[in-house]
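Read in order, the letters of the sequence shown are residues 1 to 1121 in the numbering used here. A virtual CB, placed ideally from N, CA and C, is assigned to each residue, including glycine.
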Amino acid sequence: MHSSESLIELINNINVDSINYLNNRKFSDETLISDIIHNVQQCHKLLNHFLDNPSHIANKHPHILRPLQSLIEFTIQKYNFVDIESEVLVVLEHISELIYDCSKIYRVRKLITSFNNDIIYIEPVITAIELLIARKSSWTLLYTLTLWLSLLIMVPLNLEKLDNDGNLCKRIVKLSLYGLEQPDKIRDSCSFLLSYYLTKECYKFSDIFSSIKFSNEFIKIGAISTIKRFLKLITSETIDVQSVNKILNSIDFSNNCTTHKLYLSAKCRLMLLSLLTDNPLDVSEYVGELVSGLESQFNVIRWVAAKSLGRLSKRLGNDVALEIVSYILNLTSSHGKCLAIGEIIRSGQLTDPSKDLVDQIICVGIASLNVKPRSVKNVCNVIDSACFLFWSMAITFKPYHFTFDQKILIVQSLVNSCLFEISINSRRTASASLQEFLGRLGSTANPIPNSLEIATMLDYYSIHNQIHTYTQLSLDIANLSYHGKNYYSTSLVDHLLKYKLFHYNLNTRIMSSMCISNIHHFLPSNYVIVMIPDYIGDLYKPDKTAIEKHGILLLINSIIRFSTDNDELVSEICLIPANAEKMMLFKLGDLIRQEICNLINNIFDTIPNKLKQMEKINIGRIRPKLLHIVDVYNKIILDSLKSFSLNVQISAAQSLHHIINDDIIQNLCNTIQASGQSVNLLRGNSIALGYLPKQFVQNNYRILLKSLFNAIFIDIDRDEMGDVQFRQYCLVSIASIFDHIYDIQSIDIDIFNCLIDVLDRTCNDYDKDERGDVGSWTREISLEVIASIIYKLNNKITYDDIESIRRINFKLLYSILGSCLERLERVRSRSLWLLHCILSNTNVTSNDIKDRVYYNKNYEMYPSNSEKRCIYLPENFADKISYIGNYLSSIIKISRTVISKSLGIVTNKQYLNVGLRLDGYASIETAFNTVSILLTDNEFVIKSLYKITSLLATTEYQKTLSMLINYEIGNNIASKIISIGISDFPIDSLLALEFLIINDKVTIDITPIFDKLTCDEIKDYSYLKAKIALLLSMLISHSNSHNRLHSANILLKYLTHKYPTIRQLVVDGLVLLPFLNQKIIDLSNDFEFKLINIDNPDELSKADNAIETIRNCILDNIRVV
C-alpha cells in the first residue's frame, strides 16, 4: 500500500541517518551508508508510483523537500568541498537523485523556492559547484546546487555589493556557460541560473551572449532556453528587444528540430514584448517564419508555430487574424492548417467571420478528417488537429455562423471518425469534439437531427472497442431517422467506400465490408448495387493495387445476396472467378485467391440456378480453352487446396462441398495416404475432408475415416519426422466426421478400434524440432477429439453391444486421465479442462476445435451458452456412464481437490472460470475400495491414486482416507511410489508417503528411499520441503527404529543447509516434536536422537531442556555456516 505517510517517514529516516553519519564522520561505517541508500531506493519506488497520481502528495512538499534540501544545506555549512571525502559525495549524490525525482512531481519552480535563500550560502555554493566540476562529479549534485544558486542570486540586493573580490558575478556567469554546453540536466539548471541572473543584470545580456560560440547543438539549446526563460521573467521596459533579436537571429536552427522549436517559442515571447514597446520589431517577417513552420516535417514545430500564431493574433487584432487565416488556407499541410486556424479561432479574434470563410474552414477540417492513410505522415495527428479545429469553432462561433447543411456535414464527418478510425485516440478525440459541437449547437435554431441520441451513443467509453463500433454502433446510427429522413446511413457507407474499404489494414477492410452489408437495408434502393459494375471494371485494371482489388472482392462478397434480382450484374459476378484465372489475378497474393474462393462459395449459395444457364467460356491465355463455369470453379478450388496459406485452404475447403463427388473424394483420400506428396497438398486435402456435407459424410464415413486413420499412421511411422500440422488437420477432420455421424444407428465397431489406436498414438506424440515440443499440438487435439467422442457415446450414439462401448469409453478416458499428469503445462491445463467437460456432460464440438486450431480462438472463453459457466453433475449422469462404474465415481469424489486445483490452473491460463457442484454419487468408501481393487492391474491408476492422495493430504478428506486405507493398500502404494514415483513425480510422491506414514498405514521397510533423500544441493525448495516433511513424519510415526535412526541423521545434516529457509524448517519441526505422539527427542553430543517416553511427568523438564538445546545448537550451526 503506497501512502504519503510512508514516503515522509522514509525521508525523515534518511535525514536522521545522514545527519548522524555526517556529524560522526565515520566514513568506514558501510552499514549506515547502505541503510541510507536502501531508503533512497525505496523512496524512488514510491515517487515513481506517485508520478501517476501527483495529487496524493501535492500538499506534502514541505515535508518531502525540506528534509532533503536541509541535508544539502547542512553539508555546505559543515564541510569544505576541497577535501570532502568520497563517501560523503556518494550520500549527497543519492539524495540529489531523490530531489530530482521530486522535481518531476512538484516542478522546478516549487523545488527552487523550497531552498533556504539566506545570502550566506552564495559563496559556499559557488565554491562547491566549481570543485565538483573540477572533480567531474555526477550531474545530480550539480543539478541540485545550481538550482539552489538560482534562488540565492534573486536576493533583493545588488550582487556587486556582495562581491568582495570582484569575481562573484564572473564566477556565476562562468558556471552558467559551462552548464549550457552539457548534454544532461545540468544544462536546464544552468539555464535557470543564467536567466535569473540576467533579470538582475539586464545590461549584461549582450556582452554575455556575444561571447558565446554556437558551435554545437547543446550550447544552442541551452542558450535559447535561457533566452526563453529570461523573456518570460522580464518586462518590456527593462529589455532591449533589438539586441535580443540580434542574438536569436544569429543562431542557426536548421539542423535540429529541438533548436527550431525553442527558437520559434522564444521569438514569440520576444514579439509579444516588442509590441508593448515604442519601437516594435517587424512582425511580418516572424509571421512568415511561423507560417513556414506550419509546413515543417516535424510535428512539434508545427504545433509551436500554431500556438505562436494564436498568441500573436490575440495582440494583432481581428483584421490581421483574418489576413493570416486567409493565407494559411492556401497551405498544403493539413495538420499545420488545422492547428493554426484552431488556435486563432480559440484566441477569440475571428468573432464575425464571413460565410465564405466559415465554409472554407469547414472544408479544410472535413478534408483533414477524411485524409487517406499513407497519403500524409502521422494521419492520427492530422485527424486530431481537425477535431481540435471543430472544437474551437464550437466554443467560439455563434449558431448563426453555421447553416444547417454545414452543421450536418460536420456532424456526419465526426460521427464517421468516431466509428471507423483505426486509432482509439483519434476516435476519442473525435468523440470529444462531437460532444462539444452537439452540446453547443445541437438544439439551437435549425437543430441537428438526432443530436441527443448521437451524443449518448458515441461517448468516451462506448467507442473503445473497434469491433463494437463497426458491428453495433454503426447499425444504431444508421437506424436513426428524423422526421422520416435518414441523415447518416448514406454518409457512413460513402465514408467506408471511399476511405476504409481500401485501407492498408486488413481488418479494417474486412470490417468495412461487413458494416456495409449490415446497414445495406437502411440505404436507398440499389444505393450500393449501382456502383458494383464500376468496381468490377476496376478489378480488371492493371494499375489497381492488390489492396484495392482485395477491397473490391470483399465488397462484392458482402452485397452479393442483395443483387440476385439484377441478371446482368449476376452474370458479371459469376464471371469474376473465371476472369481472375484467365488474367492471373492470383499472382497478386493469397488474399485475392481466398476471396475468390469465398466468392465461389457465395455464388453457389445465393445464385446456383444462374450457373446452369451460363455458357462455356474461354479461359485460355494463349490458345482457346472452353470450359463450363462450374468446371472453372472446380479447378480454382482444387488448386487453392494446394496453397501454402491456411486461410486459402480453409476457404477452398468450405467451397468444396458444392462440387463434391465420388471422384474428388477418392482423389483426396488417395492423396493423403500417398508418399512423396507435398506438405501443402497433404494439409489442404486433410482440411477439405473436415468440411464435407453431412449427408455425403454419412454415406461414405467408413472410407473417409479409414483414410484419415491410415494417413496418420503413415505420417507417424515415417523414417524421418512427419508433419505435425498434417496430423493436426486429420484429427480435426475426424472430429468433424463424428459430428455428422452421431445419429447413425449402427457404427462399425472396427471404426472405434482403429480410432482408439490412432488416438493412443497421437496422445503419445512427442516429436520435437527447432520449435520445441511440436508433438504437443497433436496431443492437445487428440484430447479434444476424445472429449467430443465420449460425449457422443454417452448422449448421441446408440449401440447394442454395450460391453464394447464400455471398453471404448474406458480406453478413451484413460488417455484423458494420463494427460492430466503431463509435464507440459499447456497440455495439462487443456486435459483438465476437457476432464471437466466430460464430467459435466458438456459437448466439445468440431467447430470449437476448428476455431482454436484454425483461428486461434479459445472456445473456453466463448461458451455457446451460459450453462458452460457453471458445471453441474446431474444425478443420472452416473447411470449414463455406468460402464466405468465406481472407478469414475472414485475419481470424481476423491479428486475434488484435483479438480479445484486444476480450476486454478485454468483460471491462470485465462480460460473460463468454472464452478463445480458434485451430487448423486456413490460413497467415498465404495469408490475407494473399487480403486484399490484396480491397484495391482493398472500402473496408471496407481500413479493417479498417489497423485490424488498427496493433494488430499491437507484437505477435509484426510480423516476419511486414513480410515479407508488399510495396511495392504498403504504398503502397495508405498512400494509403487518407491519404485516408480520418486523419479516420475518426486514432490507428489514424497507428500503421498508422508500422508501414509503419519497415519501409520505403512509397515514395509522403506529404507531404499533413503538413497534418494541425501543432503544434496537441490535448489527446488518445494522438493526439499517435501523431503523434510517426510523425514519428520518417519521420525515420529514409523515403527521401525532403523528407519527412525536414518531419518534423524539425514535431518541433522539439513541443520547446516546453506538455505536459511530450509534450516528454519527443520528447526520448527524439531521443536514441535516433543508434543507429538507423546514422545520426546534428547539431543546428545554425537548428534544421535534417542526417543524418550514422557508419560512420566518427571521427564517434562527434559523436554524443555531438549528444546533449548536444539535451539542453541541450531543457532550455533547457523553462525558457523
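Next on the checklist: Can you tell me whether Leu89 is helix, strand or coil according to DSSP?
Outcome noted: helix
Checklist entry - Buried or exposed: Pro542, going by 16 or more other Cβ atoms within 10 Å of its Cβ? => result exposed
Next on the checklist: Looking only at its chain, what residues have a beta carbon closer than 7 Å to the beta carbon of Asp35, apart from the 5 residues adjacent to it on each side?
Outcome noted: Asp17
Item to check | Gly684 (DSSP reduced to helix, strand or coil) | outcome: helix
Checklist entry - Ordered along the chain, which non-local residues of its own chain (more than five positions away) have a Cβ less than 6 Å from that of Arg593? => result Phe586, Ser640 and Val648
Next on the checklist: Our contact map puts Ser815 next to Cys763 with C-beta atoms below 8 Å; I'd like the distance itself, whole angstroms only.
Outcome noted: 5 Å
Next on the checklist: Just to confirm the assignment, what range does the alpha helix (DSSP H) spanning Pro62 have?
Outcome noted: His61 to Lys78
Next on the checklist: For Val732, report the span of its alpha helix (DSSP H) as first-last.
Outcome noted: Val724 to Ile741
Item to check | Exposure of Thr351, with buried meaning 16 or more beta-carbon neighbours within 10 Å | outcome: exposed
Checklist entry - Since Lys485 sits in a beta bridge, which residues does DSSP pair it with? => result Tyr482
Next on the checklist: Assuming the contact rule is C-beta atoms closer than 8 Å, Ala787 and Val844 should be a hit. Round their C-beta distance to whole Å, please.
Outcome noted: 5 Å
Item to check | Residues near Leu142 by beta carbon distance below 6 Å, same chain, minus five either side | outcome: Leu132 and Ile186
Next on the checklist: Could you tell me which whole beta strand (DSSP E) segments of length 3 or greater appear in the region 750 to 780?
Outcome noted: none
Checklist entry - Alpha carbon to alpha carbon, what distance is there between Leu194 and Ser103? => result 19 Å
Item to check | Helix, strand or coil at Asn370 [DSSP, three-state] | outcome: coil
Item to check | Alpha-carbon spacing of Ile64 relative to Asp769, whole angstroms | outcome: 58 Å
Checklist entry - Using a Cβ-Cβ cut-off of 7 Å (strictly less than) and excluding sequence neighbours within five positions of Ser462, which residues of its own chain qualify? => result Leu473
Item to check | Coarse secondary structure for Ile341, derived from DSSP in three states | outcome: helix
Next on the checklist: Beta-carbon within less than 7 Å of Ile8's beta-carbon, same chain only, minus the 5 sequence neighbours each way: which residues are those?
Outcome noted: Lys60, His63 and Ile64
Next on the checklist: Between Met271 and Leu281, how many whole angstroms is the CB-CB distance? I'm expecting something under 8 Å.
Outcome noted: 6 Å
Checklist entry - Taking all protein chains shown into account, do 16 or more other C-beta atoms lie within 10 angstroms of the C-beta of Gln666, making it buried, or fewer, making it exposed? => result exposed
Checklist entry - To the nearest angstrom, how far is it from the Cα of Phe209 to the Cα of Leu309? => result 27 Å
Next on the checklist: If distances are taken between C-alpha atoms only, which option among Pro353, Ser423, Asp567 and Phe388 comes closest to Asn378?
Outcome noted: Ser423
Item to check | Check whether Ala340 and Gly365 have beta carbons under 8 Å apart | outcome: no
Checklist entry - Where does Gln435 land, buried or exposed, given buried means 16+ other C-beta within 10 angstroms? => result buried
Item to check | Cα-Cα separation, Leu793 to Asn809 | outcome: 8 Å
Item to check | Straight-line gap, Ser211 to Ala223 (C-alpha atoms, nearest Å) | outcome: 12 Å
Next on the checklist: On a Cα-Cα basis, can you pick out the residue from Ile410, Glu343 and Leu452 that is closest to Cys363?
Outcome noted: Ile410
Checklist entry - Quick one: what's got a C-beta closer than 7 Å to Asn579's C-beta in the same chain, skipping five residues either side? => result Tyr540
Item to check | Distance between Gln725 and Asn680 (C-alpha atoms, nearest Å) | outcome: 10 Å
Checklist entry - My guess is that Asn370 and Leu492 are in contact by the Cβ rule of under 8 Å, so how many angstroms apart are they, rounded? => result Going by Cβ atoms, the distance from Asn370 to Leu492 rounds to 13 Å, so no, they are not a contact pair.
Item to check | Whether Arg779 touches Ser819 by CB criterion (8 Å) | outcome: yes
Next on the checklist: Using a 10 Å radius around the Cβ and a threshold of 16 neighbouring Cβ atoms, would you call His581 buried or exposed?
Outcome noted: Note on identity: in this sequence residue 581 is Glu, with His being the wrong assignment. By the neighbour-count rule (16 or more Cβ atoms within 10 Å), Glu581 is buried.
Checklist entry - Between which two residues does the alpha helix (DSSP H) containing Ala653 stretch? => result Leu646 to Leu656
Next on the checklist: Whole angstroms are fine: how far does the CA of Ala478 sit from the CA of Ser451?
Outcome noted: 13 Å
Next on the checklist: For Ile19 and Arg302, what's the separation of their Cα atoms in angstroms?
Outcome noted: 51 Å
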